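Novice: Dumping the structure here so I can ask a few things about it.
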């Protein structure tokens, strides 16, 4: 009995321990990413003989990290045979393990006794007490461990062993030393064996730490499969109700499965609408495997003929050309067929069709398979049972295009993503809010009843993920943890399709060879592919030494998407709608938007529409408001010729736990007189980093919220991270949640969003578009020149005002440019990017506002160098939406009044096309506005480029990193930039601003 | 998918002659003489023109089932079957008396080696299901089934079950009309629709339900909305439409179709009975291309 109790406690301890250490492990992961690449290859060799096994440790030592997780991953048992040294270790540890165990038991006994004596605790409660006691001990030991490790001492294992021996708490680590058998048995403690059913019917077994997150396992599986385009896939598990659920990569596995059943299945999560766009054959192959199963299981209904056709392509892919002599893979065919009674007929049909595929390579056959499968109406549709408002049974299908409503196979309604404003669930109700149609005035909400709360939430999640994946350019940041907010914070955390396409376009490796099922089946027993062997071996023996490597490796791979818990990427496109608003407000908002839209459409090259609005909201002073309004109105009038839409999406700054990365997309469309058709995309991401002391967080939150709302009102760009929570705060967090899939594009919602995707893709394309525009632009410039001037002046004024408001920062700011060395000492940049993003008639503007242009990565300079603006005030670093928002509040509070300056420099510069055709920027205006109580220096550059009749769309990304003091800003920034670069290679980083907020802290004090 | 190709490729047309009982309501033995004053001879002449155009102008193989005086409505052959690819669904018309019309059609389908699917008897899954081909619009990518006075949801379900490759959406049809009365295909991605309120409503629903984009050609007269589009063996676009005498306002709309061969085909007599051009024939593509 005691023993049992002991083991239970152990488990609990592990849990606790794990909870306590996540940060460490994450850090470690990040750090180890770099290492991972190198290691990855070796790992793959998987001969693993002791060498690989130790690599990770060494690396760690070099880095002097204190990370336990990788090591835990275990050291498999391969080594015993391999090296002498290793052998030494192998056995030894085992011994230790045993010894320790014994010790522990004893201890536990004692403890238990103690516990009993202390209280009346029943047998059941004892373990818990023990746990506590041991925990303490363990904590102690952990600390020691860490310190030692930090010193770069020995292999962690040994240390642990020692530590454990000393502290007794370290049972977890003992498992490392155990033989495979023991490992399995000991799994309860630290490492768990996961069984993952792969698409080819084989089973992949691997061990993960008990507290590992979903992505860890997922990456291991992907690595096993040699899959790079993994974003289309996911892992499922069965919950307690035998329902399939997606494993959330960002959460601990253990907390999701809620059972001891570590069985998973690898499946396609997002069915690419056009599989031919996938980069690698292996990805298509896996998709084929999934679809075969879908067809066979009836999940993907298709006609007899189509079924036979798909079967014939499968045969071609698996067996090659039809040969009458060859034994017919009848059993194989039988597997394919699902309708009993059709087998014979089906078989004949399949064989008949198979003959016609002669000469087709497996890859071609797969592609043909997919080309046919993708046209099936239920391709990629994830069905959920539900009832409509009248209680009629229906099915809700979630797919790439939106939400489909079926009743008995008949499609009775369809809500495309662009039509859906909000998705939410409450208890077992699932709601979607529909954008009003052309003829309707009000948005409507459609409700469905799900079987229970669980299924409602599941449906909601699937919708959120599908929307994000297919419709957005980048995932939306999960809503931040906020005080008093409830509701699910769930957001899609992976890459979107756009991102993954981009990423896969960068895949640079020879097409990996892989085995198809049939060949695998045949060859497995004989020469078993290495990979397979490994897997199978792994099943029995814990995979030795590989694991640490694997972990690292996977991390590195996932660099893009994994950013710890605290970093989120939000795309401006996804701005959420403000939930807090009342219906009226929303309506007004929409009305104003449409008005705006109209005026913008009519107006050619409007200047900085957004910023104005933004400011409008922000600003309380009448003057500013006036100006803005004027602007809006004026624009249309003044400029008649070329419609230029500027869309700036602003996100509110981050509050966030630690680091948030925000992206702002600015889309400018310039259409030429005659042909609006051409669209070129220029992207320049600007990264701004702001660091906020933890103390400020509270404040920051408030302000951010505010900002969010304002933004929402101002244009559609609003972002509201918070709304879901605020709106749905009634019940407990999981009870309900909302999600606004709206892709807000200020000016023309409908049109632009759609185009974006395409544009996004266009980005990847060669840079031709830029050059064209430039040439064309000359003509246009001349004509418009005068008008521009007028406008620009106005703009400058406006922007100045706006900026002042926006950016005034009440507090003193310390300017720390923690970020880059290059940074100019200058100050701040308007947070909203309002000023910066102004688009004038032409598209290119310098996006750089501030001086803090740190990094210019791209050849394409859109930035005019701002490092040295004419007037530079050093010392003040400003920037952050938060601040802007804060100003109000701050103003009220007593804040040291510092004099504030707002400088607005408006630049007009022709955009430099990579080709150099561009004309240099022209400084349009420079203003310095100084006001008291605020210290702000703002420099705005507006660069204009005339691109003739081309409509050009520019995307600007803004990355804001907000963090506690603890954050390594440099690293975070570097990471952010790197990611941005990876995602959008064509973009250039034009601005990096580091903002440190200390004032708040003081204030609070 | 196996059967998916742009709408309009047909090789065969199946028609059924106009019996002398034309105009009588089926099954009534002529007791309540149909109110519509139809001219049998004229109807037969128009029928001849239609078949002639299909065979000689468009170039289809024409299969003509002889008329059966016992089946006064058997010339509305479109109602009796829905054919897509090499599958033919024999429907269950709303009127009991018409169900025996399927007999001859079924035979022809089999001769053409189409896979014949029956909607089933009164019992079973399809009990109570009714479906008529004139309520089914196949666009090449998906089916729309008009839930009308003659076609019910159950019938649509059977259709969905038969043609599983395709999305099958139900749309309301207003005013006692049939879906094909208010719209028809005018090309691979073109829907011809009348601009009546009912038609607009139906069209809106179709737009809401579809994943695809269609061009819409609106015609001012309701009767003009029913056309027959065929991309014949010669790869040319043929459009059989009501002539200017019958639809004076709409002819100009058809001329907007680029590079089409327009074949004005009279159908005044049949239309008095609520039928239209497409009601008179079943179009089949026996040269399917799966690959």
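Residue numbers (my numbering), protein chains in the order written: chain A, 1 to 1005; chain B, 10001 to 10291. Beta carbons are placed, not taken as given, at the ideal position from N, Cα and C, and that holds for glycine. All figures in this text were calculated on a predicted structure; none of them were measured in a lab.
(1) Go ahead and pull the three-state DSSP assignment for residue 238 of chain A.
(2) Indicate whether the contact test is met: 3 or more Cβ pairs, each with one atom in the stretch 232-240 of chain A and one in the stretch 268-276 of chain A, closer than 8 Å.
(3) In whole angstroms, what is the alpha-carbon distance linking residue 10009 of chain B and residue 380 of chain A?
(4) Can you find the residues in the same chain that come closer than 7 Å, C-beta to C-beta, to residue 10068 of chain B, ignoring five residues on each side of it along the sequence?
(5) So, helix, strand or coil for residue 10332 of chain B, using DSSP?
(6) Just how far apart, CA to CA, sit residue 490 of chain A and residue 419 of chain A?
(7) Among the residues of its own chain, which have a CB less than 8 Å from the CB of residue 10011 of chain B, if the five just before and after it don't count?
(8) Mind the definition here: the stretch 361-378 of chain A touches the stretch 449-461 of chain A only if three or more C-beta pairs lie below 8 Å; say whether that holds.
(9) Which one of A:404, A:394, A:247 and A:229 has the shortest CA to CA distance from residue 509 of chain A?
(10) With a threshold of 7 Å between beta-carbons, can residue 10170 of chain B be considered close to chain A, or not?
(11) Relative to the alpha-carbon of residue 10057 of chain B, which residue among B:10271, B:10268, B:10263 and B:10280 has its alpha-carbon at the smallest distance?
(12) Which same chain residues end up closer than 6 Å to residue 355 of chain A when comparing Cβ atoms and leaving out the 5 residues on each side of it in sequence?
(13) Which term fits residue 575 of chain A, buried or exposed, when burial requires 16 or more other beta carbons within 10 angstroms of its beta carbon?
(14) By DSSP, does residue 470 of chain A sit in helix, in strand, or in coil?
(15) Report the rounded CA-to-CA distance for residue 194 of chain A versus residue 206 of chain A, giving the unit in angstroms.
(16) Output, in chain order, the set of chain A residues within a Cβ distance shorter than 8 Å of residue 10085 of chain B.
(17) Could you tell me the distance, in whole angstroms, from the CA atom of residue 10156 of chain B to the CA atom of residue 302 of chain A?
(18) So residue 216 of chain A is in the alpha helix (DSSP H); what residue range does that whole segment cover?
(19) Could you run through the stretch 10145-10157 of chain B and flag, in chain order, every residue whose CB is less than 9 Å away from some CB of chain A?
(20) Can you name, in chain order, every residue of its own chain whose Cβ lies under 6 Å from the Cβ of residue 317 of chain A, other than the five neighbours on each side?
(21) What do you get for residue 10024 of chain B, buried or exposed, if any count of 16 or more other CB atoms within 10 angstroms of its CB means buried?
(22) Excluding the five sequence neighbours on either side, which residues of its own chain have a C-beta within less than 8 Å of the C-beta of residue 459 of chain A, listed in chain order?
(23) Within this structure, are the beta carbons of residue 400 of chain A and residue 428 of chain A separated by less than 7 Å?
(24) Determine the burial state of residue 391 of chain A: buried for a count of at least 16 other Cβ atoms within 10 Å of its Cβ, exposed for fewer.
(25) Thinking C-alpha only, which one of B:10216, B:10273, B:10210 and B:10229 is nearest residue 403 of chain A?
(26) Under 7 Å between C-beta atoms, does residue 466 of chain A make it to chain C?
(27) Under 7 Å between C-beta atoms, does residue 377 of chain A make it to chain B?
(28) So with Cβ pairs under 7 Å, would you call residue 10285 of chain B a contact of chain A?
(29) On the DSSP bridge list, what partners appear for residue 246 of chain A?
(30) What residue range does the alpha helix (DSSP H) around residue 10206 of chain B cover?
(31) Does the stretch 253-260 of chain A touch the stretch 296-313 of chain A, meaning 3 or more C-beta pairs lie closer than 8 Å?
(32) Per the DSSP calculation, residue 10219 of chain B is bridged to which residue(s)?
(33) Within 7 Å of any Cβ in chain A, is that where the Cβ of residue 10274 of chain B sits?
(34) Assuming contact is defined by CB atoms lying nearer than 7 Å, are residue 1013 of chain A and residue 511 of chain A in contact in what I supplied?
(35) For residue 10192 of chain B versus residue 10160 of chain B, is the C-beta distance shorter than 7 Å?
(36) For residue 150 of chain A, does the count of other Cβ atoms within 10 angstroms reach 16, so buried, or fall short, so exposed?
Specialist: Let me spell this out:
(1) Of the three classes helix, strand and coil, the one that applies to residue 238 of chain A here is strand, per DSSP.
(2) For the pair of segments examined, the stretch 232-240 of chain A was found to touch the stretch 268-276 of chain A: the number of CB pairs separated by less than 8 Å reaches three.
(3) Here the alpha carbon of residue 10009 of chain B sits roughly 28 Å from the alpha carbon of residue 380 of chain A.
(4) Cβ neighbours of residue 10068 of chain B within its own chain (closer than 7 Å, five residues either side excluded): 10019 and 10074.
(5) This structure gives no information on residue 10332 of chain B, because the portion of chain B shown stretches from 10001 to 10291.
(6) Straight-line Cα distance between these residues: approximately 22 Å.
(7) Counting only residues of its own chain and dropping the five nearest sequence neighbours on each side, residue 10011 of chain B has a CB closer than 8 Å to the CB of 10060, 10061, 10233, 10284, 10285, 10286 and 10287.
(8) Output reads no: the stretch 449-461 of chain A does not touch the stretch 361-378 of chain A.
(9) The closest CA to that of residue 509 of chain A, considering only A:404, A:394, A:247 and A:229, is found on A:229.
(10) Interface criterion met: the Cβ of residue 10170 of chain B is under 7 Å from a Cβ in chain A.
(11) Checked all of B:10271, B:10268, B:10263 and B:10280; the closest Cα to residue 10057 of chain B is B:10263.
(12) The beta carbon of residue 355 of chain A sits closer than 6 Å to the beta carbons of 322 from its chain, once the five residues preceding and following it are set aside; these are given in chain order.
(13) Summary for residue 575 of chain A: the model assigns pLDDT 30, below 50, so the residue's position carries little reliability, and this model does not support an answer.
(14) If DSSP states are grouped into helix, strand and coil, residue 470 of chain A belongs with the helices.
(15) C-alpha of residue 194 of chain A to C-alpha of residue 206 of chain A: approximately 5 Å in a straight line.
(16) Within 8 Å Cβ-Cβ: 303 and 305.
(17) Straight-line Cα distance between these residues: approximately 17 Å.
(18) Start and end: 214-225.
(19) Per Cβ criterion, the list reads 10145, 10153, 10154, 10156 and 10157.
(20) Within the same chain, residue 317 of chain A has close Cβ partners 362, 365 and 366.
(21) Per the 10 Å Cβ criterion, buried.
(22) Around residue 459 of chain A: 384, 386, 396, 398, 425, 430 and 450.
(23) No, Cβ-Cβ distance for residue 400 of chain A and residue 428 of chain A is not below 7 Å.
(24) The residue in question, residue 391 of chain A, is exposed, as its Cβ has fewer than 16 Cβ neighbours within 10 Å.
(25) Put simply, of B:10216, B:10273, B:10210 and B:10229 the residue whose alpha carbon is nearest the alpha carbon of residue 403 of chain A is B:10210.
(26) No chain C appears in this structure, whose protein chains are A and B.
(27) At least one chain B Cβ lies under 7 Å of residue 377 of chain A.
(28) No - not a single Cβ of chain A is within 7 Å of the one on residue 10285 of chain B.
(29) For residue 246 of chain A, the beta-bridge partners assigned by DSSP are A:236.
(30) Counting along the chain, residue 10206 of chain B sits inside the alpha helix (DSSP H) bounded by residues 10197-10209.
(31) No, they do not touch.
(32) The partner list for residue 10219 of chain B (beta bridge, DSSP) reads B:10194.
(33) Using a Cβ-Cβ cut-off of 7 Å, residue 10274 of chain B does not count as an interface residue toward chain A, since no Cβ of chain A sits closer than that to its own.
(34) Any property of residue 1013 of chain A remains undetermined from this structure, which presents chain A solely from 1 to 1005.
(35) At a Cβ-Cβ threshold of 7 Å, residue 10192 of chain B and residue 10160 of chain B do not count as neighbours.
(36) Only weak support exists for where residue 150 of chain A lies, its pLDDT of 40 falling under 50; the coordinates are left without a value.
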